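In what follows, a single structure is set out as structure tokens and then discussed.
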Amino acid sequence: MADLQNWIRHGDEMRRPLLTNPDLPKAEKLIIVGGGLSGLCCALRIAEKRPELPILLVEKSAKLGGVIGTWQEEEWICDLAVNATRPHPAFWRLIDDLQLSSKFQTSNPKAKSRWILLGNKPHKLSLFSLLKIGPFKLRKALKLVRNGGYSVADLIPNKQIADALTLGIVNDTASNVDADFLMPSATKFGDNPPIKKSKLASLIAKSYPLFTPKKGTIASLEGGMITLTKGLIERLQSMPNVEIMLNYNAQSPKSLAADNNVPISSIIWSAPGLQEDFESTELSIFAIGYEGQQVSHVKLGYGTLIPNKSLPISGILHESDIHQSKRSPAGHRLFRLMVPHSRWDKDDSSVLACAEELLAEKPVLFTKIGERKIPRYKPGYMSKTSAMSPDFTMVGWAVSGVSITHVVDEAERVAELF
Ligand SMILES: Cc1cc2nc3c(=O)[nH]c(=O)nc-3n(C[C@H](O)[C@H](O)[C@H](O)COP(=O)(O)OP(=O)(O)OC[C@H]3O[C@@H](n4cnc5c(N)ncnc54)[C@H](O)[C@@H]3O)c2cc1C
Numbered sequence: 016m017a018d019l020q021n022w023i024r025h026g027d028e029m030r031r032p033l034l035t036n037p038d039l040p041k042a043e044k045l046i047i048v049g050g051g052l053s054g055l056c057c058a059l060r061i062a063e064k065r066p067e068l069p070i071l072l073v074e075k076s077a078k079l080g081g082v083i084g085t086w087q088e089e090e091w092i093c094d095l096a097v098n099a100t101r102p103h104p105a106f107w108r109l110i111d112d113l114q115l116s117s118k119f120q121t122s123n124p125k126a127k128s129r130w131i132l133l134g135n136k137p138h139k140l141s142l143f144s145l146l147k148i149g150p151f152k153l154r155k156a157l158k159l160v161r162n163g164g165y166s167v168a169d170l171i172p173n174k175q176i177a178d179a180l181t182l183g184i185v186n187d188t189a190s191n192v193d194a195d196f197l198m199p200s201a202t203k204f205g206d207n208p209p210i211k212k213s214k215l216a217s218l219i220a221k222s223y224p225l226f227t228p229k230k231g232t233i234a235s236l237e238g239g240m241i242t243l244t245k246g247l248i249e250r251l252q253s254m255p256n257v258e259i260m261l262n263y264n265a266q267s268p269k270s271l272a273a274d275n276n277v278p279i280s281s282i283i284w285s286a287p288g289l290q291e292d293f294e295s296t297e298l299s300i301f302a303i304g305y306e307g308q309q310v311s312h313v314k315l316g317y318g319t320l321i322p323n324k325s326l327p328i329s330g331i332l333h334e335s336d337i338h339q340s341k342r343s344p345a346g347h348r349l350f351r352l353m354v355p356h357s358r359w360d361k362d363d364s365s366v367l368a369c370a371e372e373l374l375a376e377k378p379v380l381f382t383k384i385g386e387r388k389i390p391r392y393k394p395g396y397m398s399k400t401s402a403m404s405p406d407f408t409m410v411g412w413a414v415s416g417v418s419i420t421h422v423v424d425e426a427e428r429v430a431e432l433f
């Protein structure tokens with residue numbers, strides 16, 4: 016029964032490993048490394064459960080939030096990394112507990128369409144895309160990848176569709192991305208639920224606080240994702256057992272434990288980059304805005320993925336279409352451009368020329384809003400990660416999964432051990 020309750024609470028996250036040291040719950044003082052979403056959520060969930068336990072969170076940089084960030088200039092608002100969440104009860108619980116529900120709503124139901132640029136033509140992703148892949152090929156591939164260690168290119172046997180998908184999620188081509196890490200339920204990685212998938216899905220649907228999201232929908236926050244990190248930071252600052260230190264570059268779990276006089280099992284490391292063979296890809300993010308009339312030919316939607324490596328832009332997100340909260344001045348539209356450094360000559364004008372070709376000429380706004388790194392999850396990554404047994408605890412998107420739902424849920428699962 017406990018197992019079923021866990022599956023209802025965490026869903027397919029139960030397939031993902033928890034890299035915790037068994038002595039973690041015995042800690043008399045906890046040290047969390049990294050003030051991104053993962054570190055912040057671990058601090059919150061453990062501090063709530065154990066209000067007498069001193070928790071020190073150390074962050075290398077001068078700010079909290081990690082890769083999450085929201086750029087704002089007058090009425091233009093654009094996220095730099097994640098901008099919306101897929102449905103997961105753990106995320107809904109977080110919004111509810113932080114009392115952010117008045118700022119949280121489903122994204123625009125009219126802006127669901129996603130396209131892939133195949134040649135010069137946008138191809139709308141739908142069930143017909145499966146026909147393009149070939150249902151028989153897909154079925155064969157689904158059987159093959161259950162053996163573990165395969166790439167997304169092995170799982171989706173259409174190179175352009177597979178590449179577009181992985182470029183959109185992890186900024187890498189499909190043959191370089193671990194299928195188990197990205198889609199463990201499709202590859203049947205790890206344990207299986209104790210009841211039928213459909214029955215479990217209906218029990219999970221009933222467990223959401225606030226509102227039950229419809230399948231395939233996403234939700235976002237007024238003011239961008241920074242609203243979430245601000246809410247988390249405010250809550251942590253109000254908790255007497257939590258201390259936060261900025262500009263603290265932890266060298267290693269061992270040295271951090273020694274410096275703070277705690278056993279190594281009291282360290283939770285949420286910062287990516289600890290594994291010896293850790294690699295990441297880099298990309299720049301641009302915001303581009305238009306008067307509505309200039310882009311009236313661009314259909315309302317979520318965005319377009321661009322597998323063609325000869326173009327510097329790998330994805331266009333329709334920021335002002337996606338969210339119900341405002342992202343641009345009235346009568347205008349805002350788009351976000353993802354520009355992988357492996358495809359770009361570092362000249363902003365190449366990005367502008369490509370965007371003008373794909374969207375429209377003479378934008379009223381064009382600016383680079385930042386750079387980000389995304390961990391690389393090569394084939395076999397999930398099997399290798401699952402086999403690790405560090406003498407401290409490892410969390411965050413380098414181990415739990417690339418999306419925010421993974422790190423938010425992982426923090427709950429870690430706190431449940433206390
Ligand atoms: C461009 C982009 C788009 C994305 N889009 C989506 C999306 O659409 N949907 C979605 O769900 N997710 C998306 N994500 C992923 C999502 O943003 C991440 O899953 C999540 O924010 C990761 O949080 P984290 O805390 O694990 O890691 P990070 O945010 O990387 O935080 C790690 C923290 O550790 C700190 N640190 C590093 N080393 C040390 C050290 N030695 N000592 C102390 N501190 C240290 C860092 O400074 C950082 O603050 C996107 C990410 C990017 C970059």
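If you want the numbering used here, it's the 1-based position in the sequence shown plus 15. We put the CB at the ideal spot given by N, CA and C, even for glycine. If you're wondering where the values come from, they're calculated on a predicted model, not measured in any experiment.
| Asked | Found |
| --- | --- |
| Boundaries (first-last residue) of the beta strand (DSSP E) holding residue 412 | Neither: residue 412 is in no beta strand (DSSP E) and is coded neither H nor E. |
| Extent of the continuous alpha helix (DSSP H) run through residue 371 | 363–373 |
| Within 8 Å, strictly: CB atoms of residue 391 and residue 295 | yes |
| Any non-hydrogen atom of ligand 1 closer than 7 Å to residue 75 Cβ | yes |
| Bridge partner(s) assigned by DSSP for residue 120 | 235 |
| Closer than 7 Å: residue 98 CB and nearest ligand 1 heavy atom | yes |
| beta-carbon residue 22 near ligand 1 non-hydrogen atom, thresh 7 Å | no |
| Nearest neighbour of residue 337, chosen from 356, 353, 347, 315 [CA to CA] | 315 |
| Reference residue 241; option with closest CA among 33, 39, 51 | 51 |
| Cβ-Cβ distance between residue 31 and residue 281 below 8 Å | no |
| Identity of the residue in 375, 239, 333, 346 nearest residue 84 by Cα | 239 |
| Buried versus exposed call for residue 420 [16 or more other C-beta atoms within 10 Å across all chains shown] | buried |
| DSSP-derived helix/strand/coil call for residue 146 | helix |
| Cβ neighbour criterion (16 or more within 10 Å) applied to residue 193 | buried |
| Every unbroken alpha helix (DSSP H) within the stretch 150–232, with a cutoff of 4 residues, ordered by chain | 150–159, 167–170, 174–185, 194–197, 199–202, 212–221 |
| Contact test: residue 342 Cβ vs ligand 1 heavy atom, cutoff 7 Å | no |
| Contact between the stretch 195–204 and the stretch 155–174 (3+ Cβ pairs under 8 Å) | yes |
| Ligand 1 heavy atom lying under 7 Å from the CB of residue 83 | yes |
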